[in-house]
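Undergrad: Protein chains in written order, with UniProt numbering: chain A, 1 to 304; chain B, 1 to 215.
Below are the structure tokens for one structure; questions will follow.
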Amino acid sequence: MTGANVLFDAPGPRARRRSLIVSIIAGTLILAGIVWVLLILAAPRESSGGLVLPGQFDPTRWDIYANPAIWAAIGGGVVRTLQAALVAAVLAILLGVVFSLLRSSHIAWIRIPTAVVLEFIRGMPVLLMMLFILLVASTGQYWAVVSALALYNGAIIGEALRAGLASLPRGQREAALSVGMREMQSKFLIEFPQAFRQMLPIIVAQLVVLLKDTALGFIVGYNELIRTTMYNLAAFVGNRYLFSLFFVTLVIYLIINLTLSWFARWLSRRTASGGRKAKGKPIDPTQGLLVVQASAAAQEGRQG
Amino acid sequence: MDVVIDNLPRYLDGFSKTLILLAASGVIALILGTLIAAMRISPIPSLRWFATVYTELARNTPLTLVLFFCAFILPYLGVRFDYMILAIIGLSYYTSPFVAEALRSGVNGVPVGQAEAARSLGFGFSQSVSLIILPQAFRMTVPPLINVFIALTKNTSVAGGFFVAELFTIGKELANANGQAVIAVLLGVATFYLIITVPLGLLAVQLEKKWVVAR
């Protein structure tokens with residue numbers, strides 16, 4: 001349903017003019033809303049003590065950014081966020097492979113407990129898991145954040161890989177076994193490379209989520225970007241810079257995440273067009289897992 | 001185990017706060033998300049543009065930062081609300097683009113041929129949308145929507161870091177008070193989350209299996 005114009009007749013000159021007018025009116029309203037918010041932010045306010053505070057865009061609220069030490073501190077926060085995300089991402093992919101192997105094992109007493117554990121991990125908040133690891137294993141904040149993220153995202157990546165394995169044509173495995181490969185050889189040499197490639201957009205989309213979730217470290221006390229800027233720096237330079245610090249943090253997160261999301265989309269387009277053509281349209285990475293699970297279920301059902 | 005049973009009233013108190021957060025922000029996010037999805041497929045360019053920017057902005061900001069804005073910066077700018085309401089605002093804002101994407105991908109998942117067939121049979125816009133497109137889009141939309149609400153359930157725990165005494169906060173306080181039974185306390189908290197998320201997850205899988213269309 002990409003071509004919405006199938007649903008109604010092509011607009012004539014009158015309809016086009018009307019839609020242009022509505023567009024201009026709506027655009028003006030949106031602009032007015034944005035200007036209103038900006039005016040509120042820029043307006044000086046009287047504090048409870050009777051002092052008049054300058055508006056949020058006053059230069060005195062932004063002068064800290066001339067100081068390179070502030071940028072060095074912010075950079076440290078960015079590095080710690082990226083470091084936690086990177087380590088957790090590598091561990092999550094490794095765990096994902098292990099989980100998907102255990103989960104698709106032929107032995108029931110491996111497969112079923114793994115399924116229960118995975119359901120448990122996926123069903124509870126990552127934040128709770130961080131607290132759990134922090135308090136029970138007393139690993140320190142960094143490893144609490146990293147291992148909780150690795151476990152949670154590993155469970156999700158594991159499910160994605162399993163769905164990818166299950167949606168492969170059965171002949172791939174049969175062919176591998178018939179040329180004399182062992183179970184594990186077939187899994188690692190034949191099935192995983194294909195499943196991995198098919199699931200790559202979903203895995204990368206999940207890694208973007210992982211990066212965003214490192215911000216939860218703020219609550220358990222890991223000194224990542226938000227804690228660095230909004231807590232330590234804000235306490236250091238004073239609360240009047242709170243809004244400008246928020247703005248800078250937001251922009252940094254947007255740059256990092258939009259770059260990664262763009263990369264995920266590019267990857268999804270690239271893998272969809274190359275090689276064996278995926279049936280239908282390229283998968284939307286956010287919904288892709290459902291689509292593949294559905295097609296895996298259909299395949300399992302067909303093969304009885 | 002005794003710790004959990006002794007503190008059951010507190011657990012239930014936190015659980016009810018979690019449920020309120022979930023219900024309130026779920027409903028608001030559903031409404032906002034539907035509006036955003038409608039804007040994104042509307043023929044009016046400025047609305048489409050606005051909805052796209054809104055979606056990208058909300059999806060690429062960590063929830064912690066959104067809730068930080070709601071809990072610290074809004075009051076600093078002179079907004080006087082209860083922390084509960086501020087958390088609901090933040091959670092609704094954060095969840096709405098995911099709702100919009102689930103709805104949009106459901107409608108986009110219906111093959112164009114269906115609409116073409118409807119049109120070629122002489123159906124008008126409202127007929128083809130209400131009789132052909134929406135019934136098919138619905139079954140592809142519900143499972144992803146359930147997943148969005150599961151994620152929302154888990155995300156309510158983040159509000160616990162911003163002065164809302166919901167399940168996560170209760171768990172943290174009880175764990176601090178009962179140092180010898182941390183595992184039991186936190187497993188108790190996890191159980192309450194699982195009470196919501198696991199049945200919802202099973203429902204989503206069930207519906208997905210039931211409604212799978214071989215195309």
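All C-beta atoms in this analysis are idealised placements derived from N, C-alpha and C, irrespective of residue type, glycine included.
Do you know how far the Cα of B:THR156 is from the Cα of B:VAL164?
TA: What you label residue 164 of chain B is simply residue 164 of the second sequence in a count that begins at 1. What you label residue 156 of chain B is simply residue 156 of the second sequence in a count that begins at 1. If you take the alpha carbons of B:VAL164 and B:THR156, they lie about 10 Å apart.
Undergrad: Considering A:PHE132, what are the terminal residues of the alpha helix (DSSP H) in which it resides?
TA: Within the first sequence, numbered from 1, the residue matching residue 132 of chain A stands at position 132. A:PHE132 -> alpha helix (DSSP H) spans 126 to 132.
Undergrad: Sort out for me which residues DSSP pairs A:ARG45 with in a bridge.
TA: Stepping through the first sequence from its first residue, residue 45 of chain A is reached at position 45. Note: A:ARG45 sits in a beta bridge opposite A:LEU53.
Undergrad: Hey, quick one: how far does the alpha helix (DSSP H) through B:VAL158 stretch, first residue to last?
TA: Counted from its first residue, the second sequence places residue 158 of chain B at position 158. First-last of the alpha helix (DSSP H) with B:VAL158: 134 to 159.
Undergrad: Out of curiosity, what's the CA-to-CA distance linking B:THR55 and B:ILE88?
TA: Residue 55 of chain B sits at position 55 when you count from the first residue of the second sequence. Residue 88 of chain B sits at position 88 when you count from the first residue of the second sequence. So the two alpha carbons sit approximately 18 Å from each other.
Undergrad: Taking 8 Å as the threshold, find out whether the region 178 to 189 of chain B comes into contact with the region 133 to 150 of chain B through three or more Cβ pairs.
TA: The region 178 to 189 of chain B vs the region 133 to 150 of chain B: no contact.
Undergrad: Please state if the CB of A:ARG45 and the CB of B:GLY78 are separated by a distance shorter than 8 Å.
TA: Reading the second sequence from its first residue, position 78 is the one you call residue 78 of chain B. Reading the first sequence from its first residue, position 45 is the one you call residue 45 of chain A. Yes, the Cβ-Cβ distance between B:GLY78 and A:ARG45 is below 8 Å.
Undergrad: Among the residues of its own chain, which have a CB less than 7 Å from the CB of A:LEU127, if the five just before and after it don't count?
TA: Sequence index remark: in the first sequence, residue 127 of chain A carries index 127 (1-based). Excluding positions up to five away in sequence, the list reads LEU216, ILE219.
Undergrad: For A:LEU161 versus A:SER105, is the C-beta distance shorter than 8 Å?
TA: The count along the first sequence starts at 1 and reaches residue 161 of chain A at position 161. The count along the first sequence starts at 1 and reaches residue 105 of chain A at position 105. Against a cut-off of 8 Å, the Cβ pair of A:SER105 and A:LEU161 comes out as no contact.
Undergrad: Can you tell which of A:TRP266, A:SER244, A:ALA264 has the C-alpha that lies nearest to the C-alpha of A:TRP62?
TA: For the purposes of this step, residue 62 of chain A is taken as the residue at position 62 of the first sequence. Of the listed residues, the one whose Cα sits closest to A:TRP62 is A:SER244.
Undergrad: Out of curiosity, what's the CA-to-CA distance linking B:SER120 and A:ARG14?
TA: As a working mapping, residue 120 of chain B is identified with position 120 in the second sequence. As a working mapping, residue 14 of chain A is identified with position 14 in the first sequence. Their Cα atoms are separated by approximately 24 Å.
Undergrad: Using Cβ-Cβ distances below 8 Å, what residues of the region 240 to 261 of chain A are close to chain B?
TA: Listed in sequence order: LEU242, PHE243, PHE246, THR249, LEU250, TYR253, LEU254, ASN257, LEU258, SER261.
Undergrad: How big is the Cα-Cα spacing for A:TYR222 and A:GLY75?
TA: On the first sequence, position 222 is the one that residue 222 of chain A refers to. On the first sequence, position 75 is the one that residue 75 of chain A refers to. Whole-angstrom Cα-Cα distance: 15 Å.
Undergrad: Just verifying my parser: in three-state terms, what is the DSSP assignment at A:MET230?
TA: For this step, residue 230 of chain A is matched to residue 230 along the first sequence. Here A:MET230 sits in helix by DSSP.
Undergrad: Do the region 67 to 87 of chain B and the region 95 to 113 of chain B meet, that is, are 3 or more Cβ pairs less than 8 Å apart?
TA: Touching, no, given that fewer than three Cβ pairs across the two stretches are closer than 8 Å.
Undergrad: At 7 Å on the CB atoms, spell out the chain A contacts of B:ALA190, in chain order.
TA: On the second sequence, residue 190 of chain B is found 190 positions in, with the first residue counted as 1. Under the 7 Å cutoff, chain A gives MET124, LEU128.
Undergrad: Against A:ILE219, what residues of chain B qualify as contacts under a CB-to-CB distance less than 8 Å, listed in chain order?
TA: Numbered from 1 along the first sequence, position 219 holds the residue referred to as residue 219 of chain A. Under the 8 Å cutoff, chain B gives THR64, VAL158, GLY160, GLY161.
Undergrad: From the beta carbon of A:GLY27, is the nearest beta carbon of chain B less than 8 Å away?
TA: One-based indexing of the first sequence puts residue 27 of chain A at position 27. Yes - at least one Cβ of chain B is within 8 Å of the one on A:GLY27.
Undergrad: With DSSP as the reference, label B:ASN176 as helix, strand or coil.
TA: Position 176 of the second sequence, counted from the first residue, corresponds to residue 176 of chain B. Helix at B:ASN176.
Undergrad: Under a Cβ-count criterion, where at least 16 other Cβ atoms within 10 Å of its own Cβ denotes burial, should A:PRO113 be classed as buried or exposed?
TA: By 1-based counting over the first sequence, the position of residue 113 of chain A is 113. The residue is exposed, with fewer than 16 neighbouring Cβ atoms inside 10 Å.
Undergrad: Using 8 Å as the threshold, is the region 180 to 188 of chain A in touch with the region 142 to 159 of chain A, meaning 3 or more CB pairs across them?
TA: Result no; under three Cβ-Cβ pairs closer than 8 Å.
Undergrad: If we cut at 8 Å on Cβ distances, does B:GLU116 have a partner in chain D?
TA: In the structure shown, chain D does not exist; the protein chains are A and B.
Undergrad: Under the rule that 16 or more other beta-carbon atoms within 10 Å means buried, what is B:THR169, buried or exposed?
TA: Taking the first residue of the second sequence as position 1, residue 169 of chain B is located at position 169. B:THR169 should be labelled buried.
Undergrad: Does the region 119 to 134 of chain A touch the region 205 to 216 of chain A, meaning 3 or more C-beta pairs lie closer than 8 Å?
TA: Contact between the region 205 to 216 of chain A and the region 119 to 134 of chain A is present, because at least three Cβ pairs lie under 8 Å.
Undergrad: Assign A:THR259 to one of three DSSP states: helix, strand, or coil.
TA: Numbered from its first residue, the first sequence carries residue 259 of chain A at position 259. It is helical.
Undergrad: Hey, is A:ALA215's beta-carbon within less than 8 Å of any beta-carbon in chain B?
TA: By one-based count along the first sequence, residue 215 of chain A stands at place 215. So yes, A:ALA215 belongs to the interface.
Undergrad: Using a Cβ-Cβ cutoff of less than 6 Å, which residues in the same chain neighbour A:LEU91 once the five nearest sequence positions on both sides are dropped?
TA: Your numbering for residue 91 of chain A matches position 91 in the first sequence. ALA150.
Undergrad: Does the beta-carbon distance from B:PRO3 to B:ALA151 come in below 8 Å?
TA: Here residue 3 of chain B corresponds to residue number 3 of the second sequence, with the count starting at 1. Here residue 151 of chain B corresponds to residue number 151 of the second sequence, with the count starting at 1. Looking at the sequence shown, residue 3 of chain B is not Pro but Val. Result no, Cβ atoms of B:VAL3 and B:ALA151 do not sit closer than 8 Å.
Undergrad: Using 8 Å as the cut-off, can you tell me whether the region 40 to 57 of chain B makes contact with the region 202 to 210 of chain B, which would need three or more C-beta pairs spanning the two stretches below that distance?
TA: The region 40 to 57 of chain B vs the region 202 to 210 of chain B: no contact.
Undergrad: Does the Cβ-Cβ distance between B:ALA137 and B:GLY109 come in under 8 Å?
TA: Along the second sequence, read from residue 1 onward, the residue named residue 137 of chain B stands at position 137. Along the second sequence, read from residue 1 onward, the residue named residue 109 of chain B stands at position 109. Result yes, Cβ atoms of B:ALA137 and B:GLY109 sit closer than 8 Å.
Undergrad: Drop a sphere of 10 angstroms on the beta-carbon of A:PRO59, count the other beta-carbons inside from all chains shown, and report buried for 16 or more, exposed for fewer.
TA: Locating residue 59 of chain A in the first sequence gives position 59, counting from the first residue. A:PRO59 should be labelled exposed.
Undergrad: For the alpha helix (DSSP H) holding B:LEU67, just list the boundary residues, first then last.
TA: Along the second sequence, read from residue 1 onward, the residue named residue 67 of chain B stands at position 67. Unbroken alpha helix (DSSP H) run through B:LEU67: 63 to 68.
Undergrad: On the three-pair Cβ rule with 8 Å, is the region 24 to 33 of chain B touching the region 42 to 49 of chain B?
TA: Contact fails: fewer than three Cβ-Cβ distances are below 8 Å.
Undergrad: May I ask you to list, following chain order, the residues of the region 128 to 143 of chain A that have a beta carbon less than 9 Å from some beta carbon of chain B?
TA: The residues in question are LEU128, MET129, LEU131, PHE132, LEU135, VAL136.
Undergrad: Alpha carbon to alpha carbon, how far is B:ILE5 from A:ALA144?
TA: By one-based count along the second sequence, residue 5 of chain B stands at place 5. By one-based count along the first sequence, residue 144 of chain A stands at place 144. One C-alpha to the other measures close to 28 Å.
Undergrad: Decide if A:GLU174 is buried, meaning its Cβ has at least 16 other Cβ atoms within 10 Å, or exposed.
TA: Taking the first residue of the first sequence as position 1, residue 174 of chain A is located at position 174. When all chains shown are included, A:GLU174 counts as exposed.
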